[in-house]
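I have placed the structure first, in the form of structure tokens, so that the comments after it can refer back to it.
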Amino acid sequence: MTMNRSLQRLALAAALVAVGGHGFAQFGGGGAGMGGGRRGARPDSTTSPRNGDSLSTPATAAGKIRDKLYDLRLQLMITPEQSPLWDRFSDAVWDLAGRPGMTAAAPSDDLNAVQFAQQRAAQAQDRARRTQAVSDSLSKLYDAMTPEQRHTADQNLPAVIP
1 MTMNRSLQRL
11 ALAAALVAVG
21 GHGFAQFGGG
31 GAGMGGGRRG
41 ARPDSTTSPR
51 NGDSLSTPAT
61 AAGKIRDKLY
71 DLRLQLMITP
81 EQSPLWDRFS
91 DAVWDLAGRP
101 GMTAAAPSDD
111 LNAVQFAQQR
121 AAQAQDRARR
131 TQAVSDSLSK
141 LYDAMTPEQR
151 HTADQNLPAV
161 IP
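Quick note on numbering: the sequence shown equals residues 1 to 162 in our numbering.
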């Protein structure tokens, strides 16, 4: 039974790739600011011996988010009608995750304590605005989902949102 379900999902995913070219183009050809697709990703990347490494670079983190978004889109079986809503959500996640300076920076020698605190406050406000954009776009996408898609989203989306 699980094998049949997996084959059905694979067949549907293949059909979606053929029908919804634009929606998947962001993962393969790279969109503006998207950083490309899964090019070069190894099929065994989930069992890579490097998984135990505690080193995480921005490129590695971006690759993980890219892969999670790609896999989740397939799991959700996003329809061509849902594709624009998914694209807005995915773009918002990328905007939040890929923003330079979103990680806590070490204090700069040329900033005094007040300026540093103001810089941190501005970064927090910017992150809050971007997080709200993710929430707003997800709400619209979620409203367009089937009950099955919502169940899958409830189980898997929290791991995708940075």
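Here a beta-carbon is modelled for each residue, glycine too, at the ideal position from N, C-alpha and C. Please read all numbers here as calculations on a predicted model, not as lab measurements.
Query                                                                                                                          : Result
Nearest-angstrom Cα separation, counted from residue 57 out to residue 154                                                     : 28 Å
Cut-off 8 Å between Cβ atoms - residues of its own chain near residue 93, not counting five sequence neighbours on either side : 65, 69, 134, 160, 161, 162
Residues of its chain near residue 139, where Cβ-Cβ distance is below 7 Å and the 5 sequence neighbours each way are ignored   : none
Where residue 141 falls: helix, strand or coil (DSSP)                                                                          : helix
Within 8 Å, strictly: CB atoms of residue 130 and residue 95                                                                   : yes
Rounded C-alpha distance that separates residue 63 from residue 81                                                             : 27 Å
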